[in-house]
Every structure is written in C-alpha cells, then in structure tokens.
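In the working numbering, the protein residues as written are 4 to 782.
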C-alpha cells in the first residue's frame, strides 16, 4: 500500500467530518488500489449517506467482486441515492452474484428499485443476466414479470427472444403486449408462429401489437413456408406484408406462394399478387396467371390481363387472346391494350378479331392500337370502321388511318371527307392536312368545287391551316361561291392562313376580282401580313371603288408605319371619298405623333395654289350663276309689273307691282343663296339638289358626304339625334376629333362656314383650309 493510499484510508476511518471521509473515499476510487477495499467496505456502514454513496462508487471503480454481498445488503437502505449507487455498481461488476442480486431487486416493491435493477441487468447483458430474467418471468408479481420482459427486449439475444416468446403466454395483458412489442423490435422470425397465434389473443390491443410486430418481422429473409403460413393470418396488413415479401424473393417457390395469394379474401391483396406476378414475369408466373383466368372474378381477370400485357411473352399473348372471349368487356378492353403494346403478328391477329367486338370501347381500343402499330393490313378494316354506328369509333378510325399514312390509308381518308358525320369529315380533313400537303390541297380543292359535297366547309378550314399558295388560291376562288355559308367559311379560312408573306402575291391578285368580298378578304389578308412586300398591293387597293377596301388599305399602311408610307397617306388626303381622307389623316397623326388637322393643313399648304384657284373659280362660277338668275327673275318681275300698268292700273299700282317684283326677285335670290333659319345668316351657294326631298341622296352634298335637309330645325336636339340615327355618324368635324356645334341660339356669335362647300367650321382654332373640300378660306 502506498503512502498516499495509507493517508487516505486513515482519513476515511478517523476524520471527524463526514465530508472529509466522503472525499477520501472518492480519491481512493480514483487511485484504484485494491488495498483500500477493506476500508471502503467498512465505510458502507457509516451513518452518513454521502459517505456510503462515496464508498459504493469507489468499490465499483476498483471492481472488487468481494464487496458484492455487502452492497446487496444496502439494497434495503432507506436512501434512494444509496440504492441507485448500489444497483449501478452491481451492473458494473456484473458477476453472477451481482446478477443474482439485481434479479432479486426486481422483487422489491418500489418501482425505483425495479427500474434501476432493469437498467443494470441490461447493462450487463450476459447469459447469466438473461437466465436470471427468464427466471423472473415466473415471479408471481406482475410488475416483476413486466420489468423482466422489458430487460429481455433490450438485451435482444436469441436466449432473450426465447424468454420473450415464453412471455407471450403470460396471464397478464401488459406482459404479453410488452413481450410482443419487444419481439417486433428484435425482428426475429423465430417468433412468427407464436405471434400468429397471438393475433387471436383475447385482448384487442395485444392483437394489434402482434399484427404490427409481424409486419415488422416479415421480410425477404423469412422462409417462404413461413410466409405462406402468414396467409392464414386474420389481419389484412399481415397478409399484405407477406405478399410484399414474396415479391422481393422472386423464386419459384415465391411465385407459387403468390399464385396461392390469388385466393386471398381481400380484392386489393389479390390484385397486388397479380401485379407482383406480372413484375416477376417468369414462365411459371405467366402459366399461373393464365390458369387463374378460369378461376377468379372479373376484377382479378382484368388485373391478370393487364399483367400479361406487361409481360409480353408469346405465352402471355395466348393468354390475352383468351381474354378476348371474356364475358366482361373491361377485361377484353385491357387485353386489347396489352396486345397493342406487344405488337407481334399474333397480337395483330387478335386486334383484328377485336374490331368485331360487340362493345364500342373494345373496338375503339383495337383501332387505336392498330393505328399505333401502323399495320397496313388493317387499313380495309379501319376504312370499314368509318361506318361504325359509334361516333367515337369513327373518329378513332380516322386517327388510326392518319398514323398509318399509306396510300390506301390516305384514300380512305379522302372517302371520309364525304362521311355524313361532320366531326368525321373535319377529323379526316385535318388528318389529310398533316399527311401530304401537296396531294391534300388538290383533293380538298376538288371538294370545294363539288357543290354537292357535304364536306366543303371542313375542306376550307383545312386549306386555311395548310397555308400554301395553292391553298390560298383555292380559298380565294371560293369567295365567289354561290353559297353564302361557303363564302363565309372560305373567308374565315383565309384569315387563318394569312400570317406569312408567301401568300402575298395571290392576295394582290385577289384585288382584281370583280366581287367586292374577294377584294375585301384580300386586303384584310394583306393587313394581317403587315410586311413591307404588301405595300404595292395596298397602294393598289387605295383606288378600289369600294370604300371599305380603301379604308382597310389605309389601316394596313398605318400598321406598316415606315417612311415610305407617309407620302402615300398624305396623297390620300386629296381622295374624293371622305372616309379615305379621314382615315388617312388619323393614320398620319398616329405615325407622326401629330393631330389629324395638322397633317391636313400641311398637305393643303403644299398644294395651296392649284386647290385654291380651283375652289375660287368654282365659288365664282356659282356666285355668277346666282346673280344671273336673280337678274332674270327681276326682269321678269318688271315686265309683269309693266303689263299690269298697261292694263289700267295707276301709278300707285305700278309701285306696288314693282315692290312685288323686287320681293319675288329677293325670294329667288334667297333660294340661290340659302340662309340658316335660326340665325338668318347665308351659308353659301346652294346645290342644285332638292333640299326638301325625302330621299337622303337628294340632300345637300358637302365635301363628299350628305348634309341634312334645310327644312330641319337644328335647334331641336331630338331632331339632331334623329339625324344621327339615320346617317349613323356624327357631325363632319367629329371625324377630326372636334364636336360640331349645333345649338343655334339668338345672340350667339356667328359660326364660320366654307364658302365653297358650305361646311360649318366650328373648330378650336381658325384654319387656313377647309378640312372637307381643301379650299383656302377667306379671312
């Protein structure tokens, strides 16, 4: 014994203070000198619990088996700290004597001691500990057996498993349940048979625990015979676990077991067994599936057909052809899909046979499969299917012929263009459009020319989607068709195809057509294309006699918006048609980011000389004609007055006749120069057209557009609304974005008008030129 050990032993035995003794015991444990063991054993009887705990822990560190009996005696110590230290130290020492002491500790009534004893036994984990725990399973106290089961589950050795299996027959529910849970966590398939029995336990919680444990245990490492035995389990999840385990094994023995699983009472598990056999795809699996077609209900046969289709072997093809005779149409349909996936000659024979099935869904599936396979030998049958009573079958036949795409198939599609079913005609036209555009355009063009064909509109729609020059040409010709619905279909198709410049030359040619609908559609097409190569055609369309064609051309020029377009549009401001002038001014304003009137003023300034002189001459001629007419009337009045005087009237009568002649001449002069009724102001030279006629064409013409009869009362807003409703347009200056002033009241300022065309010019500024006739205005 070393000097330091001696000093510590002396301090442990003689110190007055308990703290010093506990400190000395702790130091002796750290040193680990066996010579200190007797002194530490003596300290176990000290009155202070701290000293006893320090002595027990020091003995545990030294590992002295001789101290075990003394420490077992301390299990009766009233202090928990002492008991805990003793049980922990016994677990560290781990001798048979220590294990025996720990097992005995399980019999102690307080749960604290039992818990610490279980921990110590788990820590030891030796065969001696397991043996002791197994013996404790016979203890009459339930709590002792429960603690033993927990300890055995933690240890988890084979010997421990046998102890737990033994505990499955315990009378206590909690012992059985904890034993089941422990076996599930250990995962030993040795417990499977006993756990199967436990599935019938009287306690529901034990049954559920057993099922969960079996699901945890069952796996590919479990022998197949044991998995087959699991099929007898009343629990569905347990049987499912067995079926899933057999899928992973994939042996012949496992295949046989899965075939047996086809008899499972649960439909889902039967289907899972079929799926797994299809995944294994061994000859034994195929044979078993084909045999099962005669033994099971519809749902299983349908699943078998799907599995055979996935396998795809010759043996499976024979099984699928057998399925075509099944009484359930869903089984036959799945078999057809499987044959289409396999695609062998034998499979094709089965598909051709299915074309005559009584169920439309089976026929449709067979047609789709033949089309996917591209089987040319099926074309005659597919053409015959175009007459099937079911619309879905007919449309599917069109799709199949399109996929095959052989000359025979194309011929069948051409025949389908005359099918009574509109959806079939439309589908056939689209199919032909995708197969061969050159031949298709020719065939579709023939249909357009055949007035007796019912597929003309569908042919027009398909031509619109082909978008070749020949297709556009055929559609333009159809715009002159006598049938209005056909013309509308051709127009809609042209608008569909006019997205590329390859149709521009044909569209320009269409501008020469005598039918205005053809010209309108052509210019609309040029507008939609909107590229620079449409410019010659659009300039040509500006001279069209139809106002809509010209206006559309102006809009198209605005859409192009290049510098080359501006001179063309400015030239349009001199057009005779006010619609063209107004649209051109608006377009120029949008292109140059100016107002419409500014563009108009700019052009008029450039051409002021010629336009002004021409308008002035025109106004002078009108004024001269009016003066001459007034003079003639005056002379006639004078002659009439002279005649009356000669007949014997006095001087007074002559004066009266002269007055009447002057009045009459004045009236005629007023008719030559009409006045505004509300304000009595002259509004310019009158038109020779009759203003009192009920025919709008006989009304006064101003700037190329119709004005309203002079007899109308413009002070009445209802009349104004009526005029707007008749003409369908607002006042003339509204075309340039400026509302016309029509509320004439006495006392208002004079509203200027054009001396040449009599247009009212109520504008936000004083213009230099009339925006309606282009004549320079007099200031």
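A virtual CB, placed ideally from N, CA and C, is assigned to each residue, including glycine.
On a predicted model such as this, the values are computed, not experimentally measured, just so you know.
Per the coordinates, the alpha-carbon of residue 478 lies some 24 Å from the alpha-carbon of residue 535. In this chain, residue 5 is not harboured by any alpha helix (DSSP H), its DSSP state being neither H nor E. Per DSSP, reduced to three states, the secondary structure at residue 50 is coil, with no helix or strand assignment. Residue 151 is not a Cβ neighbour of residue 171, given a cutoff of 7 Å. At the C-beta level, residue 94 and residue 126 come within 7 Å of one another. When C-alpha distances from residue 488 are compared across 511, 508, 365 and 454, the shortest belongs to 454. Straight-line spacing of the CA atoms in residue 132 and residue 154 works out to 9 Å. For residue 421, the closest of 411, 190, 396 and 447 by C-alpha to C-alpha distance is 447.
Spatial neighbours of residue 157 in its own chain (CB-CB distance under 7 Å, excluding positions within 5 residues in sequence) are listed in chain order as 125. C-alpha of residue 476 to C-alpha of residue 563: approximately 24 Å in a straight line. If you ignore the 5 residues before and after residue 416, its C-beta comes within less than 6 Å of the C-beta of 404, 431, 434 and 435, all in its own chain and listed in chain order. If you check the CB distance, residue 70 and residue 58 do not come in under 7 Å.
In this structure, residue 261 places its C-beta atom within 7 Å of the C-beta atom of residue 276. Separation of the CB atoms of residue 23 and residue 14 is rounded to 6 Å, and the pair is thereby assigned contact status at 8 Å. Counting C-beta atoms within 10 angstroms of its own C-beta, residue 398 has 16 or more neighbours from the protein chains shown and is therefore classed as buried. Between residue 334 and residue 311 the beta-carbon gap is near 11 Å, outside 8 Å, which marks them as no contact.
A Cβ-Cβ distance of about 15 Å is found for the pair residue 494 and residue 461, leaving them out of contact under the 8 Å criterion.
Between the beta-carbon of residue 514 and that of residue 532 there is about 14 Å, and that puts the pair past the 8 Å contact cut. Contact check for residue 338 and residue 308: beta-carbon distance about 5 Å, within the 8 Å limit, so the pair qualifies. With at least 16 other beta carbons inside 10 angstroms of its own, residue 369 counts as buried. Counting only residues of its own chain and dropping the five nearest sequence neighbours on each side, residue 26 has no CB closer than 7 Å to any other CB. Here residue 167 is not near residue 120, since their CB atoms are 7 Å or more apart. The stretch 225 to 232 makes no contact with the stretch 207 to 214; the number of CB pairs closer than 8 Å stays below 3. Relative to residue 410, the option among 519, 383 and 542 whose CA is nearest is 383. One Cα belongs to residue 139, the other to residue 33, and the distance between them is close to 35 Å.
In the three-state DSSP reduction, residue 565 falls in the coil class, being neither helix nor strand. Annotation for residue 179: 170, 171, 172, 173, 201, 204, 206 and 209 place their beta carbon closer than 8 Å to its own, counting only its chain and skipping 5 residues before and after. In the three-state DSSP reduction, residue 398 falls in the helix class (H, G or I). Ranked by Cα distance from residue 272, the options 286, 257 and 239 are led by 239. Only residues of its own chain outside the window of five on either side were considered, and among them 158 have a CB closer than 7 Å to the CB of residue 128, listed in chain order.
For residue 21, the CB contacts under 7 Å within the same chain, skipping 5 residues up- and downstream, are 51, 53 and 54 in chain order. Ranked by Cα distance from residue 270, the options 302, 134, 279 and 480 are led by 302. Taken through DSSP and simplified to helix, strand or coil, residue 344 comes out as helix. At the C-beta level, residue 257 and residue 227 come within 7 Å of one another.
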